[in-house]
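S.K.: Quick one: this structure, given as structure tokens, is what I'll be asking you about.
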């Protein structure tokens, strides 16, 4: 795309891209500092404090926090007439309070829980703000930077829902993830999450043998779900990620619960799988000594914009400008689900490559980080033009 090429050729932009390479060690240190502040979903406050202070140090204007702890800061554009751009990175991680957040470095990799997802996303956003400020690269339109809460797990994208509700349809949305470098997510997969709870009368394993056990019934339900036939296209999945219940080894369990995750590239396909699950739940509930309850705990909507959309093409051109000729246009479940589900112009991009995400041995590659930041810089300036 011509606008990206023109921006990349500006002397100040070339100097900024070089600085991102030269200052890589400082950026990695910033990412590590963010990672050291625990930020479980629903407890992002301390990390939000850090980002709010950094926004102030970097000279952003109109800094504020909403009731959810989303942190907002504005970089004024040369013209305030346009709709502007939103750049967001989620604060939260999947790791509970008390997790060992020790960081180690080895062979160009930084290891640590949440180092990529999403400390790198938040740190990369701060690095770009600093880069824009130092090289006086004022965007044409206003850019709002947002560190949002509630992306992971049961957060159910609640932070991004509030962000999109506040800004609406006008601006373009750029969502940052620490990993996923080279990918451009312009399609959002639908995700629905449920608990299925079985309740029975329970009893003693010897004296009351023969009574229904909630755990046994739940196990049969899990086996039945495992036998469901789901389409490969559109790609559709199910997963029982957590089970809990029972009282003791010699007690017929009076209660047991599974946590079920359903996903699909297509809303209709997902609805069909859910229909099958509801049928299984209905059949397992005899209305007497076995009761089964289905409760929804998450709903991430699907949506997409065409690959020909200007913002998508800008993201691809920015990748080419930093040396990656072939972008991977793909789908995922990210904060971009919310604007994409409403048909708004939005993409999610990654800043480096990462592995073992959501595991204690998570790590990110540092060698690609400068290129990922370069893509973000070019995309932001083009999107705000």
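In the working numbering, the protein residues as written are 198 to 582. Note that CB positions come from ideal geometry on N, CA and C, so glycine has one too. Keep in mind that this is a model prediction, so the values were computed, not measured.
#1: Across which residues does DSSP place residue 435 in a beta bridge pair?
#2: Whose CA, out of 254, 573, 489, lies closest to the CA of residue 322?
#3: If I'm right that residue 281 touches residue 274 with Cβ under 8 Å, what's the distance once you round it to whole angstroms?
#4: On the criterion of 16 or more Cβ atoms from any shown chain inside 10 Å, does residue 314 qualify as buried, or is it exposed?
#5: Among 518, 436, 396, 385, which one has its Cα closest to the Cα of residue 379?
#6: Using the C-alpha atoms, what's the distance from residue 539 back to residue 230?
#7: Assess contact between the segment 437-451 and the segment 393-405, defined as three or more Cβ pairs (one per stretch) separated by less than 8 Å. Is contact present?
#8: Less than 8 Å between C-beta atoms, sequence neighbours within five positions excluded: which residues of the same chain meet that for residue 210?
#9: Do you know offhand how far residue 279's Cα is from residue 478's?
#10: Who does residue 452 pair with in a DSSP beta bridge?
#11: Between residue 514 and residue 523, what straight-line distance do the alpha-carbon atoms span, to the nearest angstrom?
#12: In terms of residue numbering, what span does the beta strand (DSSP E) encompassing residue 491 cover?
#13: Between residue 491 and the rest of its own chain, which residues show a CB-CB distance below 7 Å, the 5 nearest in sequence each way excluded?
#14: Starting from the C-beta of residue 240, find all residues in its chain whose C-beta is less than 7 Å away, skip the five residues before and the five after it, and write them out in chain order.
#15: Quick one: what does DSSP say residue 424 is sitting in, helix, strand or coil?
#16: Quick check on the DSSP output: the alpha helix (DSSP H) that includes residue 539 runs from which residue to which?
#17: Residue 290: which of 233, 359, 439 sits nearest, CA to CA?
#18: Beta strand (DSSP E) containing residue 301: first to last residue?
#19: Quick one: give me the first and last residue of the beta strand (DSSP E) that residue 381 is part of.
M.R.: By the coordinates alone:
#1: 459
#2: 573
#3: 7 Å
#4: buried
#5: 518
#6: 35 Å
#7: yes
#8: 204, 332, 334, 574, 575, 578
#9: 51 Å
#10: Looking at the DSSP output, residue 452 sits in a beta bridge with 396.
#11: 10 Å
#12: Residue 491 -> beta strand (DSSP E) spans 487-497.
#13: 391, 393, 475, 478
#14: 294
#15: coil
#16: Residue 539 -> no alpha helix (DSSP H), and no H or E assigned at all.
#17: It is 233 whose Cα lies nearest to the Cα of residue 290.
#18: In the DSSP annotation of this structure, the continuous segment of the beta strand (DSSP E) that includes residue 301 starts and ends at 301-303.
#19: 380-385
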